[in-house]
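K.L.:
Could you have a look at this structure, given as structure tokens, before my questions?
Residue numbers (the numbering used here): 14 to 131.
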């Protein structure tokens, strides 16, 4: 795992609401990102919500990276930003033939009648 001064979480971090099968099985995160979220996610969530106060420069930089994502320069910061993106934005669904095809029976019957007149 990456060397970081951010403290480990008090418990493992899971988001059963957004990722009921886990981070890795969602297809959005690599195995390394899954481990980073699992071990550090509780601390990162606490820092983001204000439940925890930053204890060192790296944790203070993490809070700056949340305000300006361009400042994220560690794998842990980019992984948390990726988590935010996938867990808090709406999911796009694409359907085919989403419009109900209107059936105009009168026009169809006229075409059939015209075809059989010959």
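Virtual Cβ for every residue (Gly too), placed ideally from N, Cα, C.
1) Can you tell which of 124, 19 and 47 has its C-alpha closest to the C-alpha of residue 92?
2) Alpha carbon to alpha carbon, how far is residue 77 from residue 21?
3) Taking DSSP as the reference, what is the three-state secondary structure of residue 34?
4) Which two residues bound the contiguous alpha helix (DSSP H) that contains residue 92?
5) Please tell me whether residue 26 and residue 50 are closer than 8 Å, where the distance is taken between their beta carbons.
6) Output needed for residue 57: all residues of its chain with C-beta closer than 6 Å, excluding positions within five of it in sequence on either side, in chain order.
7) Would you identify the three-state DSSP class for residue 63, choosing helix, strand or coil?
8) Just the Cα atoms here: how many angstroms apart are residue 36 and residue 123?
9) Can you tell me the Cα-Cα spacing of residue 31 and residue 42, whole angstroms?
10) For the alpha helix (DSSP H) containing residue 73, name the first residue and the last one.
11) Report the rounded CA-to-CA distance for residue 63 versus residue 108, giving the unit in angstroms.
12) Just the C-alpha distance for residue 79 and residue 98, rounded to the nearest angstrom, thanks.
P.N.:
Working from what's here:
1) 47
2) 19 Å
3) coil
4) 88-101
5) yes
6) 93
7) coil
8) 57 Å
9) 13 Å
10) 70-80
11) 40 Å
12) 12 Å
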